[in-house]
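What follows is a set of notes on a single structure, which appears directly below.
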Amino acid sequence: MLNIEKVRKYIDEMPPNELIDDIAENLLDKYIFDAYEDINSLYPMIDITERMIVKQLLYKLEGESNGYAMLKRQGVETQKINDASVTMSDNLLDSYVLFLINQQLQTKSVGHIGRLI
């Protein structure tokens, strides 16, 4: 369950980040909710941590600030400017968030002792 106050406290403990610091105080809760919903809509059964939410928030803010997010929403897969070419990934979530999710989804194998006859 989303606890916005815990996420805000987590943000306060992190080093300063211009992308988050530039968000108007009255809009930060909406950005936090949006990042939470990105994760929850794809993985509703996992325990979503404050770290996951903040990492997803930063991923989205970085994409918007560089203009990549709009291109991805429009379905652009590659873009070439002069001699530079960019290929977009189809990830909706930050790669670190995906790693944390996969850590929760991995099943632990349990060894059994026995004998087949």
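Positions -3 to 113 (my numbering) are the ones given, in order, by the sequence shown. Even for Gly, the Cβ is constructed at its ideal location relative to N, Cα and C. Fair warning: this is a prediction, and the values are worked out from it, not measured in the lab.
Using a 10 angstroms sphere on the CB of Asp90, the tally of other CB atoms reaches 16 or more, which defines it as buried. The shortest C-alpha to C-alpha distance from Met10 to any of Ile42, Glu46, Phe29 is the one to Glu46.
For Asp34, the enclosing alpha helix (DSSP H) starts and ends at 21 to 38. For Asp8, the enclosing alpha helix (DSSP H) begins and ends at 0 to 9.
Minimum Cα-Cα distance from Glu33 among the listed residues Leu88, Glu1, Ala20 corresponds to Leu88.
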